[in-house]
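The block underneath contains the structure these notes are about, expressed in structure tokens.
Residue numbers (my numbering), protein chains in the order written: chain A, 19 to 336; chain B, 2 to 302.
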């Protein structure tokens with residue numbers, strides 16, 4: 019894993035870019051919408067994995083930063099006509115700044131206490147989205163206006179797809195670079211043992227705050243992406259269900275591994291769609307099926323699907 | 002605000018606070034002895050309430066048996082969850098952080114599975130209330146009026162807490178349970194069957210939360226999603242007690258009930274929803290060990 023990511027590792031990303039530009043010509047709008055949603059979840063999940071899987075911080079506040087990024091991008095566009103290419107980075111920056119502010123007190127906590135504090139923050143943020151009606155229009159939500167990306171106004175999923183694909187590819191490439199960089203190794207050290215990391219001269223507090231900030235920026239980017247292919251945003255979308263979904267994607271796929279996270283995103287993201295076509299009255303069973311998947315994964319594949327696959331591969335080699 | 006409203010708010014706060022205290026106790030005894038935060042706590046309360054409703058409406062039992070039915074039902078569910086799921090997760094996990102995440106995800110899964118299961122019964126689609134066990138004109142107590150049902154809630158909750166205290170303090174099994182939560186390895190060495198104790202803890206805790214569900218089922222509208230609101234207040238209550246302190250959790254529960262009611266009267270009903278989160282964040286950032294706890298337990302290398 020050490021050293022810079024090789025060309026071979028970056029190849030899948032080039033493929034993603036090509037797909038991003040070619041697929042919209044041949045595939046129905048609905049599948050492109052699904053693709054957009056999956057890619058947005060990928061960015062969201064990778065961001066949470068930086069904090070949870072890489073730095074080992076048990077934090078739950080991700081949906082708050084997701085919401086901040088989303089509302090900021092959408093409102094900048096609606097109120098002042100700020101185009102997406104400026105609005106989205108601003109939204110991500112704002113999310114990152116709030117995440118840094120949260121990190122200052124939160125880095126004093128660990129484990130379940132950190133989990134509870136950040137969970138409370140996320141719920142509190144959702145309350146703000148709901149109650150600050152002057153800005154967010156409260157529970158009624160905000161109708162998103164089509165934003166322009168380099169002069170092209172994105173109105174449909176087909177138009178959004180290449181943009182979303184480019185952002186996803188960039189985010190994945192940045193993550194691969196980050197994981198092999200000094201910061202990535204520092205975070206792994208903090209995750210394995212804070213005491214050992216501290217003894218090796220790593221500024222543990224700074225690493226944790228950086229991880230929080232990065233994670234917030236990722237969530238903010240995902241929020242910006244959301245505005246590209248959704249026409250409506252309301253506080254419901256940034257609640258406990260979303261954070262649990264993203265958390266499950268990471269854990270079911272494989273905590274702390276990029277391929278694992280992506281596998282989790284695809285499986286849990288597509289599951290409702292697949293089941294809906296198989297079972298007609300799926301809606302009633304949704305929660306039950308979902309709960310059972312979580313329980314069974316933890317029972318039989320505690321390191322997620324990717325960990326399970328890799329574990330088998332290694333055993334065969336021996 | 003008139004002093005009358007203040008007293009009435011205090012009284013109502015103590016009533017709901019008693020229920021939060023029971024649920025917080027359930028969270029704390031699970032966390033203390035098994036290091037798991039039960040994110041399915043709200044759903045345990047919800048299932049308990051619906052078990053009570055099933056006993057009352059479908060089996061037409063009398064109220065003593067309703068409580069018994071709910072408690073035993075939740076005991077079995079909790080014990081089975083520990084034996085079948087957590088036992089396996091614990092056995093499989095690699096040391097370190099991943100155990101914590103795995104356990105939390107497992108309880109989240111349990112919460113979803115319970116919600117999904119209850120939703121399968123069409124009877125639960127409509128929002129209902131449990132018929133209160135005690136009806137009649139409200140009791141006048143100095144400046145406040147109390148519903149008979151509210152008095153019953155306080156009495157039952159206090160009796161349960163007392164029973165729990167006596168059980169942990171004086172019975173042989175209670176002492177074994179405490180030994181397990183303080184030091185599982187040492188407990189095992191002196192012959193305490195730690196696995197059985199874990200199972201008992203989960204059973205007792207879920208039974209406690211289930212009874213709390215039946216108590217609150219007469220006050221709050223019952224729905225499949227009712228657990229979410231209740232559990233966040235109970236989390237806050239447990240956090241006030243540092244998540245490991247039983248009397249602290251009881252105090253926290255009653256505090257939270259009072260805070261919730263007074264915020265509703267003095268500030269706005271909108272602010273009620275955010276009060277528990279503010280409490281959690283404030284307590285955790287200022288005194289993470291809770292208002293009662295001593296030193297924070299710091300794991301050495």
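Ideal Cβ positions, reconstructed from N, Cα and C, are used throughout, including at glycine.
- For residue 97 of chain A, the secondary structure class from DSSP, reduced to helix, strand or coil, is helix.
- Note that the stretch 181-200 of chain A touches the stretch 34-47 of chain A; at least 3 beta-carbon pairs, one per stretch, sit closer than 8 Å.
- The continuous beta strand (DSSP E) containing residue 142 of chain B extends over residues 140-142.
- Residues of chain A with a Cβ closer than 9 Å to the Cβ of residue 176 of chain B do not exist; the shortest Cβ-Cβ separation is about 26 Å.
- Residue environment analysis places residue 213 of chain A among the exposed positions, since fewer than 16 neighbouring C-beta atoms fall within 10 angstroms of its C-beta.
- When DSSP assignments are scanned along the stretch 22-108 of chain B, the uninterrupted stretches of alpha helix (DSSP H) that are 4 or more residues long and fall wholly within it turn out to be 42-54, 64-81, 88-93.
- Residue 92 of chain A counts as buried, since no fewer than 16 other beta carbons sit within 10 angstroms of its beta carbon.
- When Cβ pairs closer than 8 Å are counted between the two stretches, the stretch 115-124 of chain A is seen not to touch the stretch 268-280 of chain B, the count staying below three.
- Of the candidates A:115, A:319, A:309, A:233, the residue whose Cα lies closest to the Cα of residue 60 of chain A is A:233.
- Scanning chain A for C-beta atoms nearer than 8 Å to the C-beta of residue 202 of chain B yields nothing, as the closest lies near 17 Å away.
- Residues are counted here when their Cβ sits less than 9 Å from a Cβ of chain B; for the stretch 300-333 of chain A these are 302, 303, 304, 305, 306, 307, 308, 309, 310, 311, 312, 313, 314, 315, 316, 317, 318, 319, 320, 321, given in chain order.
- In summary, no residue of the stretch 163-177 of chain A has a CB separated from any CB of chain B by less than 9 Å.
- Counting only Cβ-Cβ distances below 8 Å, residue 254 of chain A has no contacts in chain B at all, with the closest Cβ about 13 Å away.
- Minimum Cα-Cα distance from residue 165 of chain A among the listed residues A:55, A:106, A:306 corresponds to A:106.
- If you ignore the 5 residues before and after residue 148 of chain A, its C-beta comes within less than 7 Å of the C-beta of 156, 157, 253, all in its own chain and listed in chain order.
- Here residue 135 of chain B really is in contact with residue 150 of chain B; their C-beta atoms are around 5 Å apart, less than 8 Å.
- With contacts defined by Cβ atoms closer than 8 Å, residue 293 of chain A and residue 307 of chain A form a contacting pair.
- A check of alpha carbon separations from residue 259 of chain B across B:246, B:248, B:276, B:271 identifies B:276 as the nearest.
- Here residue 34 of chain B is buried, its C-beta having at least 16 other C-beta atoms within 10 Å.
- Proximity of residue 129 of chain A to chain B, defined by a Cβ-Cβ separation below 8 Å, is satisfied.
- A straight line joining the alpha-carbon of residue 45 of chain B with that of residue 40 of chain A spans about 49 Å.
- Annotated as proximal: residue 178 of chain A and residue 54 of chain A, with beta-carbon spacing under 8 Å.
- Around the beta-carbon of residue 60 of chain B, fewer than 16 other beta-carbon atoms lie within 10 Å, marking it exposed.
- With 16 or more other Cβ atoms from the protein chains shown falling within 10 Å of its own Cβ, residue 324 of chain A counts as buried.
- Taking a contact as a CB-CB distance under 8 Å, the pair residue 101 of chain B and residue 130 of chain A counts as one, their CB atoms being some 7 Å apart.
- The beta carbon of residue 122 of chain B does not come within 8 Å of any beta carbon belonging to chain A, so the residue lies off that interface.
- In summary, the residues of the stretch 269-297 of chain A whose CB is separated from some CB of chain B by less than 8 Å are 269, 273, in the order they occur in the chain.
- DSSP, read as helix, strand or coil, puts residue 57 of chain A in helix.
- If you look at residue 135 of chain B, you'll find it isn't in any alpha helix (DSSP H); DSSP assigns it neither H nor E.
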